[in-house]
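Notes follow once the structure below has been shown.
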């Protein structure tokens, strides 16, 4: 029995929502691992990334299969292409959570994050969790208003990212080069995580409205 | 008159080759701008990124149009999907060259790169140019052997990236936090540039052989 195009597409959306959930969980655990120097937790995040990678492969295979069997055109075709782009962004978000966990593992038993930066990094982790949770809601509910509101969380992430740079560039930074390198990389990982969530949300806006939100997002806002 | 599927796909390949050429040119000029503190050159790289972005949009539109009109299945369908992935990677490579140029602009009239790192960064720039030139050849010639050989250039990039970290972590690093932050970011941009070139090459291997090369590439080799 041939299932309908929309049933197949709903199945793909469910996969994307699950990828968003796993990416959020990974970033939440990676942040804790980083701040508490928790090796066990860091290892678990690193190992779990394979699940997100597998979901991405499966989502893409289902999408290609859907294109081949149902031969969608117009909006339906764009829906499938957009789903594949979203799966790519979500997989990358999983990679970025893994990278945060890898920094935690590298510095164990110490925490890579100096106490003076702890609250900023904690907040970056919270914004990351919030933004990916919203991205999941956006996919599940085709909710354009929430999708557009993601930009505000991303602005918040950019502000925190600038705070990290401000601390590093301050003459009072006396915590050594290793801590500065770690903070630079970690800050970039969180910022890119939020950028990919914004791209996921914009994909949804495009699907529903037929147009990408006008503002061109550029990463590296601090430069 | 309806053009053939393969003519349309060749046209898309030509766009991808042009994107690779522009990304290589951008990284070459960004490296010079960075090492020589050349503001004018940095600005030109930043402005030119829009060309690569436009080519990506055009490539994706052509691909979607091709899917809608020709309804390809099996290998032909995978070819179009792979072309869209390649255009995404190549666009990102353009972004990364722009980021290098943005660091150059930020530190003007100084060079962001300390003289002790100059030769390493110069070499990273050369490897980046080489790897994207090969990626272009791979797309144009559907050349699996060159595609597989890209891994060696990527290993070279990873080695240079580790050299950057080794210099930063050395107790003799006395050049301040700002220079360390810049080197960390720039090193990451070159490394990611090479990673995306490898992904482009793997897409081609997949197209020709039907299988992705077995080695799973993970970025952040230094961690």
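Chains as they are written, first to last, in this note's numbering: chain A, 25 to 247; chain B, 25 to 247. Think of the CB as a built atom: it goes at the ideal place given N, C-alpha and C, for glycine as much as any other residue. From a predicted model like this one, the values you see are computed outputs, not experimental measurements.
*When you compare only the Cα positions, how much space is there between residue 185 of chain B and residue 222 of chain B?*
Taking the second chain and counting its residues from 1, the one referred to as residue 185 of chain B is at position 161. Taking the second chain and counting its residues from 1, the one referred to as residue 222 of chain B is at position 198. Each residue's alpha carbon lies about 16 Å from the other.
_Span separating the alpha-carbon of residue 247 of chain B from that of residue 127 of chain A_ = To locate residue 247 of chain B, count along the second chain from 1; it is residue 223. To locate residue 127 of chain A, count along the first chain from 1; it is residue 103. Any reading at residue 247 of chain B needs caution, since the residue's pLDDT is 46, under 50, leaving its predicted position unreliable; the model's value is listed next. Residue 247 of chain B and residue 127 of chain A: Cα-Cα distance of roughly 7 Å.
_Beta-carbon within less than 6 Å of residue 157 of chain A's beta-carbon, same chain only, minus the 5 sequence neighbours each way: which residues are those?_
For the purposes of this step, residue 157 of chain A is identified with residue 133 of the first chain, where counting begins at 1. So the list reads 48, once near-sequence residues are dropped.
*Where does residue 169 of chain A sit, in a helix, a strand or coil, going by DSSP?*
The count along the first chain starts at 1 and reaches residue 169 of chain A at position 145. Of the three classes helix, strand and coil, the one that applies to residue 169 of chain A here is helix, per DSSP.
_Contacting residues, own chain, Cβ-Cβ under 7 Å from residue 108 of chain B (five flanking each side not counted)_ = In the second chain, residue 108 of chain B corresponds to position 84, counting from 1. So the list reads 84 and 87, once near-sequence residues are dropped.
*For residue 144 of chain B, which three-state DSSP category applies?*
The count along the second chain starts at 1 and reaches residue 144 of chain B at position 120. Note: residue 144 of chain B maps to helix in three-state DSSP.
_Closest residue to residue 139 of chain A among A/199, A/28 and A/215 (Cα-Cα distance)_ = By 1-based counting over the first chain, the position of residue 139 of chain A is 115. Nearest C-alpha to residue 139 of chain A: A/199.
*Evaluate residue 27 of chain A with the Cβ neighbour count: other Cβ atoms within 10 Å of its Cβ, from every protein chain shown; 16 or more gives buried, anything less gives exposed.*
Within the first chain, the letter at position 3 stands for residue 27 of chain A. With fewer than 16 Cβ atoms within 10 Å of its Cβ, residue 27 of chain A is classed as exposed.
*Three-state secondary structure (DSSP) at residue 158 of chain B?*
Numbered from its first residue, the second chain carries residue 158 of chain B at position 134. Helix at residue 158 of chain B.
*asked:* Can you check which of these residues, A/160, A/69 and A/79, is closest to residue 125 of chain A by C-alpha distance?
replied: Stepping through the first chain from its first residue, residue 125 of chain A is reached at position 101. Closest option to residue 125 of chain A, Cα to Cα, is A/69.
*When you compare each of A/210, A/101, A/173 and A/161 to residue 119 of chain A by their alpha carbons, which one comes out closest?*
Position 95 of the first chain, counting from 1, holds the residue named residue 119 of chain A. Nearest C-alpha to residue 119 of chain A: A/210.
_Per-residue burial, residue 144 of chain B [other beta carbons within 10 Å of its own, 16 or more giving buried]_ = For the purposes of this step, residue 144 of chain B is identified with residue 120 of the second chain, where counting begins at 1. Classification for residue 144 of chain B: buried.
*Under 7 Å by beta carbon: chain A residues contacting residue 95 of chain B*: Here residue 95 of chain B corresponds to residue number 71 of the second chain, with the count starting at 1. Result: 95.
*Does DSSP put residue 105 of chain A in a helix, a strand or coil?*
Taking the first chain and counting its residues from 1, the one referred to as residue 105 of chain A is at position 81. Three-state DSSP puts residue 105 of chain A in a helix.
_Less than 6 Å between C-beta atoms, sequence neighbours within five positions excluded: which residues of the same chain meet that for residue 32 of chain A?_
Reading the first chain from its first residue, position 8 is the one you call residue 32 of chain A. Closer than 6 Å at Cβ, skipping near neighbours: 90.
*Using 10 angstroms around the beta-carbon of residue 133 of chain B, count the other beta-carbons present and answer buried if the total reaches 16, otherwise exposed.*
Along the second chain, read from residue 1 onward, the residue named residue 133 of chain B stands at position 109. Per the 10 Å Cβ criterion, exposed.
*Selection of the segment 190-211 of chain B by Cβ proximity to chain A, strictly under 7 Å*: 192, 193, 197, 201, 202, 204, 205, 208 and 209
*Taking a cut of 9 Å between CB atoms, which residues from the segment 78-92 of chain A lie near chain B?*
84, 87, 88, 91 and 92
*Mark residue 54 of chain B as exposed unless 16 or more other C-beta atoms lie within 10 angstroms of its C-beta, in which case mark it buried.*
Translated into positions along the second chain, residue 54 of chain B becomes position 30. Looking at its Cβ environment, which holds 16 or more other Cβ atoms inside 10 Å, residue 54 of chain B is buried.
*Given a cut-off of 8 Å, decide if residue 214 of chain B and residue 152 of chain B are closer than it, judged by their beta-carbon atoms.*
Here the question's residue 152 of chain B lines up with position 128 in the second chain. Here the question's residue 214 of chain B lines up with position 190 in the second chain. Closer than 8 Å, so yes.
*Is it right to say residue 115 of chain A is buried, meaning 16 or more other beta carbons lie within 10 angstroms of its own, or is it exposed?*
Residue 115 of chain A sits at position 91 when you count from the first residue of the first chain. By the 10 Å Cβ count, residue 115 of chain A comes out buried.
*Should residue 117 of chain B go down as buried or exposed, given a rule of 16 or more other Cβ atoms within 10 Å for buried?*
Reading the second chain from its first residue, position 93 is the one you call residue 117 of chain B. By the neighbour-count rule (16 or more Cβ atoms within 10 Å), residue 117 of chain B is buried.
*By Cβ distance, which residues of its chain are closer than 8 Å to residue 166 of chain B, with the 5 residues on each side in sequence left out?*
Counting from one through the second chain, the residue named residue 166 of chain B turns up at place 142. So the list reads 228, 231 and 232, once near-sequence residues are dropped.
*With 16 other CB atoms within 10 Å as the buried threshold, where does residue 160 of chain A fall?*
Along the first chain, read from residue 1 onward, the residue named residue 160 of chain A stands at position 136. Looking at its Cβ environment, which holds 16 or more other Cβ atoms inside 10 Å, residue 160 of chain A is buried.
*Use the C-beta contact count for residue 30 of chain B: other C-beta atoms within 10 angstroms, 16 or more gives buried, fewer gives exposed.*
Position 6 of the second chain, counted from the first residue, corresponds to residue 30 of chain B. Classification of residue 30 of chain B: exposed, given that the 10 Å Cβ count is below 16.
_By the DSSP assignment, the alpha helix (DSSP H) with residue 35 of chain B in it spans what residues?_
As a first step, residue 35 of chain B must be located in the second chain, where it is residue number 11. Start and end: 29-60.
*Flag residue 105 of chain B as yes if its beta-carbon sits less than 8 Å from any beta-carbon of chain A, otherwise no.*
Against the second chain, residue 105 of chain B aligns to sequence position 81. Chain A contact via Cβ: present.
*By how many angstroms is the C-alpha of residue 56 of chain A removed from the C-alpha of residue 64 of chain B?*
Here residue 64 of chain B refers to the residue found at position 40 when the second chain is read from its first residue. Here residue 56 of chain A refers to the residue found at position 32 when the first chain is read from its first residue. Straight-line Cα distance between these residues: approximately 44 Å.
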